[in-house]
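Asker: Each residue of the sequence shown is one higher than the one before, counting from 1 in this note's numbering. From the three backbone atoms N, C-alpha and C, an ideal C-beta is built for every residue, glycine too. Remember, it's a predicted structure, so these values are computed and weren't measured experimentally.
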Amino acid sequence: MKLEEVKNYLAAKLEILGEIHANTEAQGRFVRKRQLTGLNRLLRERAVLIEKLAAVDRLLNADNNWRDEGRLAAEIRTVEEKQREILAVCQAVMRQTMTERERVGEELCKSRSMRQAQKQYVRKWQTNAFVGNRLNVKG
Numbered sequence: 001m002k003l004e005e006v007k008n009y010l011a012a013k014l015e016i017l018g019e020i021h022a023n024t025e026a027q028g029r030f031v032r033k034r035q036l037t038g039l040n041r042l043l044r045e046r047a048v049l050i051e052k053l054a055a056v057d058r059l060l061n062a063d064n065n066w067r068d069e070g071r072l073a074a075e076i077r078t079v080e081e082k083q084r085e086i087l088a089v090c091q092a093v094m095r096q097t098m099t100e101r102e103r104v105g106e107e108l109c110k111s112r113s114m115r116q117a118q119k120q121y122v123r124k125w126q127t128n129a130f131v132g133n134r135l136n137v138k139g
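(1) Among residues of its own chain, excluding the 5 on either side of I20, which ones have a beta-carbon nearer than 8 angstroms to its beta-carbon?
(2) Ignore the nearest five residues each way along the sequence and tell me which others in A62's own chain have a CB closer than 8 angstroms to its CB.
(3) Kindly give me the distance between the Cβ atoms of A12 and V56, rounded to whole angstroms, as I take these residues to be in contact under 8 angstroms.
(4) Excluding five sequence neighbours on each side, which residues of the same chain lie with their C-beta closer than 7 angstroms to the C-beta of Q27?
(5) At what residues does the alpha helix (DSSP H) containing R46 begin and finish?
(6) My understanding is that E69 touches L3, with C-beta atoms under 8 angstroms, so please give their C-beta distance in whole angstroms.
(7) Count the other CB atoms, across all protein chains shown, that sit within 10 Å of the CB of V104; report buried if there are 16 or more and exposed otherwise.
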């Protein structure tokens, strides 16, 4: 594989990684806002970006002779740093998503338990409080 082709593939890989990074940050915003339709769209876009990245990786891995060249060390280092950065952002978004999921679960549990308490206890006692209250008056 020629050196220029490898540089072009590495540039394409870096561009795709930048798009994945932006997509991941947008996912974090959608998680905070609890907008699932937008989040689903972003996840579909991310799947397409990952497929593109896999295609570029397959092209780069088809011929590994270029890895020995010292002239590409800067580009390779840049790509690896971007990958580490994306991994850190993905982990942060995953932690944020897990805490948001727990928060939503707590809210649902509270609303369910409140509904059950009102339906089973509070209203039954309120409605039954007036049944038979004139028994002692009449006699």
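Answerer: If we stick to the structure as given:
(1) Reading the sequence shown from its first residue, position 20 is the one you call residue 20. Hits under 8 angstroms: R46, L49, I50, L53 and I86.
(2) As a working note, residue 62 is residue 62 in the sequence shown. The answer, listed in chain order, is M1.
(3) Here the question's residue 12 lines up with position 12 in the sequence shown. Here the question's residue 56 lines up with position 56 in the sequence shown. Indeed they touch by this definition, with Cβ atoms about 5 angstroms apart.
(4) Residue numbering aside, residue 27 sits at position 27 when the sequence shown is read from its first letter. These residues qualify, in order along the chain: L39, L42 and V93.
(5) In the sequence shown, counting from the first residue as 1, residue 46 sits at position 46. Residues L36 to N61.
(6) Position 69 of the sequence shown, counted from the start, is the residue given in the question as residue 69. Position 3 of the sequence shown, counted from the start, is the residue given in the question as residue 3. Correct: roughly 7 angstroms between the Cβ atoms.
(7) As a first step, residue 104 must be located in the sequence shown, where it is residue number 104. Its Cβ having fewer than 16 others within 10 Å, V104 is exposed.
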